[in-house]
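Protein chains in written order, with UniProt numbering: chain A, 1 to 302; chain B, 1 to 302.
There are 2 protein chains.
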Amino acid sequence: MKPSTMFTGLSAFPLTPLTDAGIDEPAFERLVARVAAAGVDSICVLGSTGSYAYLDRAERARAVELAMAGAGNVPVLAGVGALRTRDVLRHVEDAQECGASGVLLAPMSYQPLGDDEVFGLYEDVTANLSVPLVVYDNPTTTRVVFSDELHARIAQLPGVLSIKIPPVPADPEQAKVRVSSLRAGLPGHVTIGVSGDGAAAAGLLAGCDAWYSVIAGILPEPCLAITRAATAGNADLARSLSMDLEPLWQLMARFGSYRVASAVAEDLGLVSAGNLPAPVQGLDGNGRAAVARALEEMKIPG
Amino acid sequence: MKPSTMFTGLSAFPLTPLTDAGIDEPAFERLVARVAAAGVDSICVLGSTGSYAYLDRAERARAVELAMAGAGNVPVLAGVGALRTRDVLRHVEDAQECGASGVLLAPMSYQPLGDDEVFGLYEDVTANLSVPLVVYDNPTTTRVVFSDELHARIAQLPGVLSIKIPPVPADPEQAKVRVSSLRAGLPGHVTIGVSGDGAAAAGLLAGCDAWYSVIAGILPEPCLAITRAATAGNADLARSLSMDLEPLWQLMARFGSYRVASAVAEDLGLVSAGNLPAPVQGLDGNGRAAVARALEEMKIPG
C-alpha cells in the first residue's frame, strides 16, 4: 500500500470559535472556506486548535457537518479524542456519518495511561473504523509520551495511515535522525506529519511527509509556500520563508500556539473576542499587543 | 466562621463500578451503604476514584442520586470537575438538585492552565454555588500545580471550605512544615484534608483536619481507627495502625491507588471484573496476585 496523498502536504487545523451559546457557526464556516480556497491538502477540524476536548458530542458533530459543507473538494479530517473509549467511538461514528475522510485521535488522559492502555485504545477504535486514522502524538495536552516502539505497534493496526508528531529538533541532522528513527519502525504506507509550526520547515526538510499546521488554519498561503518549497527540495527557500514568520514562532513558543492562533484570528477580524472555552483565557493586553506588533512586522494586514 | 465538621475526620471516596452499559448500580449502592454504616464523617462520590472524569452528565447525576439514597445521615459530597467551566456548572447544578451537601472541584486540564485561569474557574463556579466547595489539588491527574499563593487566593472565595491536598512528606517535621506553610495563607474556616492513603497518618498528625481517602471507600473500619487515633493525638497508635496497612500502601505506590482500589474491591467480591472505564485497564494477573497476597498478609478476608 502506498502512502495516501490525503496525509501528505499541508493540513490546516482551523479554530472552532466559540460563543457563550455554542459554536460561532458563521465564523467557523468562513475559516474553513478560506483555507479550502487557498488550496491546502486537507483540513483537520476539531484538533487541539479546534478545541475538540471542550466540545460535547452534538457540538462536535455539528462542526464536522459545517466543515463538510465549506471544504468543497478538500478532504476533511475530524478529531475524535475523548477520555473514555466509549465516547471516542461515538465521535468516530458521528464523523463518519457526516462524511469525514479520516479521523485524528489523541490518547487523552486523566488517570495516567500505560503503553498497553494507549495501544488498547487504538485497537478498539480501529476495529470500528471505516475511514483512515491519524495517530495524534501531543504530550503537552495528553501527557502520553509515545516511544517509537509504541508508535510502531499502533501503526500496524488497520486503518492507521499517518502520525502527527511533536516538533522535531531545530538542528537539521538531529531532525533527520528523529524522523528516520521513527520511520524505521513504520509500515511504508504510514506517513509522518510534523506539528509545532516553527519546526515545520525543519520537519519537512528532515523527511516528514506532511505538516499538521495550526497557523495554516488562519494564514494558509505562507504555509503553503513553505510546504511546496520544502517538498520540492528547495531547502533554502523553505527555511527563508519560515524565517519570515519568525515573530509568530516566537509568540507561539512564549504563549502556546492555541492562544496565539486565537489572538491572531481575532486581530485579523476573523473571529470575535472570547472565542476560547473557559476556563481557558485568551491572551491578555500585553500578549495581544505583541501579536499585533508581530503581524505588523510580518506585513500581515490586520 | 469556624471549620465545618463536614470537612474534618474521614471522608470515604467510593469507586463508581462500571459495566459496558453504564454504572453498576447495585454494586455502587452497596459500596455507599457500607461506608455509611461504618460511620465515616462524609462520603465523596465522583472523586478521581469514582471515575468522574469518564462519566457523562446523566451518569454523574444518577450517581449522586443513588449515593443520597444510600448514605443515610452521612453528608454526601460530589465531584463536579470537567474540562470546560460550562460543564462544571452543569454538574454543580445537578449535584445541588440531587441534594449533595458539598462539591469537590479539581481543575481538569487539556490545554495547560495558568494560575489566573485556575482562579477564574473557581471564581466562576463559586459565584454559582449554594453548597460548600472542596478545592481538589491533584497534579497527577489534572497537571495543575497549585502554589500556596494560588491556594490562598482561591480560599478567599465564598463557599470554599476545604482543600484536598496531595500526600505530605513522610518525615513528621517536613510534614508539619508543609501543612503550616499552606495553612498560614488560609482563612480559619478552611480545613485541609490529606490524600494519598499511605501518607494519611502522617498528614493528620502534622495538622491536617481531614483524610480524603480512596481506600476508606472499601475498607472504612481500619481507616476510621487511624483517623480517630490521630485526631485524639495518639500518634504512636495512628502510626502503628497505618503500618498494619503497609502492604496496601506499597501496592498503591507501585500501581496507583485507582487501579489498586478497583482490584481490592474485586478481590473482596464487592464489584465485578471490568469495572474501570476503557481505555483504563485493571491490574494484570501479576498485579491481582500481589493484591490478593497483600490482603492475606493483612488478614483482610477475600
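The C-beta atom is built at its ideal place from N, Cα and C for all residues, glycine as well.
Along the segment 259 to 286 of chain A, going in chain order, the ones with a CB nearer than 7 angstroms to a CB of chain B are Pro277, Ala278, Pro279, Val280 and Gln281. Per DSSP, Ser242/B is one residue of the alpha helix (DSSP H) stretching across Ala235 to Asp244. Pairing Met68/A with Ser42/A gives a Cβ-Cβ distance that is not under 7 angstroms.
The beta carbon of Val118/A lies closer than 7 angstroms to those of Pro107, Val144 and Leu150 in the same chain, with the five residues before and after it left out. Assigned with DSSP and collapsed to three states, Tyr54/A falls in helix. DSSP lists Ser11/A as the beta-bridge partner residues of Ser42/A. Interface criterion not met: the Cβ of Gly233/B is under 7 angstroms from no Cβ in chain A. When secondary structure is reduced to three states using DSSP, Val103/B falls in the strand class. The way I'd put it, the segment 56 to 76 of chain B does touch the segment 28 to 47 of chain B; three or more beta-carbon pairs between them come closer than 8 angstroms.
For Thr191/A, no CB of chain B lies under 7 angstroms from its own CB, so it is not counted at the interface with that chain. Ala261/A sits away from Val291/A, with the two beta carbons spaced by 7 angstroms or more.
If you check the CB distance, Asp244/B and Ile215/B do not come in under 7 angstroms. Chain A places no beta carbon closer than 7 angstroms to that of Gly198/B, leaving this residue out of the contacts. At a cut-off of 7 angstroms between beta-carbon atoms, Tyr54/A makes contact with chain B. Runs of the alpha helix (DSSP H) lying entirely within the segment 137 to 162 of chain A and spanning at least 4 residues, in chain order: 139 to 142 and 148 to 155. Under DSSP, the beta-bridge partners assigned to Leu133/B are Val103/B and Val160/B. By the Cβ rule, the segment 15 to 26 of chain B does not count as touching the segment 176 to 196 of chain B, because fewer than three pairs are nearer than 8 angstroms. DSSP places Leu270/A outside both helix and strand once states are collapsed to three, so it counts as coil. Of the candidates Phe255/B, Leu10/B and Arg288/B, Arg288/B places its Cα closest to the Cα of Glu266/B.
Using a CB distance below 9 angstroms, the part of the segment 128 to 156 of chain A facing chain B consists of Thr140, Thr141, Thr142 and Arg143, ordered along the chain. Around the C-beta of Ser109/A, 16 or more other C-beta atoms lie within 10 Å, and the residue is accordingly described as buried. The segment 213 to 229 of chain A makes no contact with the segment 160 to 175 of chain A, as fewer than three CB pairs between them are under 8 angstroms. Of all alpha-carbon atoms in Val190/B, Arg62/B, Arg183/B and Gly256/B, the one lying nearest the alpha-carbon of Ala206/B is that of Arg183/B. The DSSP-derived three-state label of Gly285/A is helix.
Not flagged as an interface residue toward chain B: Leu18/A, since no C-beta distance is shorter than 7 angstroms. Taking 7 angstroms as the threshold, the shortest C-beta distance from Glu117/A to chain B falls below it. Spanning the alpha carbons of Glu59/A and Ala37/A requires a straight line of approximately 24 angstroms. With respect to Pro17/B, Ala27/B sits close: the two C-beta atoms are nearer than 7 angstroms.
Check the Cα spacing between Pro169/A and each of Val92/A, Ala201/A, Ala127/A and Glu25/A: the tightest is with Ala201/A. Counting the other CB atoms within 10 Å of its CB gives Lys299/A a total below 16, which places it among the exposed residues.
At a cut-off of 7 angstroms between beta carbons, Leu121/A contacts chain B.
Residues of chain A whose Cβ lies closer than 7 angstroms to the Cβ of Leu83/B are, in chain order, Ala53 and Tyr54. Taking the Cα positions, Pro220/A is about 7 angstroms away from Val40/A. Looking at the DSSP output, Ile300/B sits in no beta bridge, so it has no partner there.
For Leu89/B, the enclosing alpha helix (DSSP H) begins and ends at Thr85 to Cys98.
Secondary structure note for Gly79/A: its beta strand (DSSP E) is the uninterrupted segment Val76 to Gly79.
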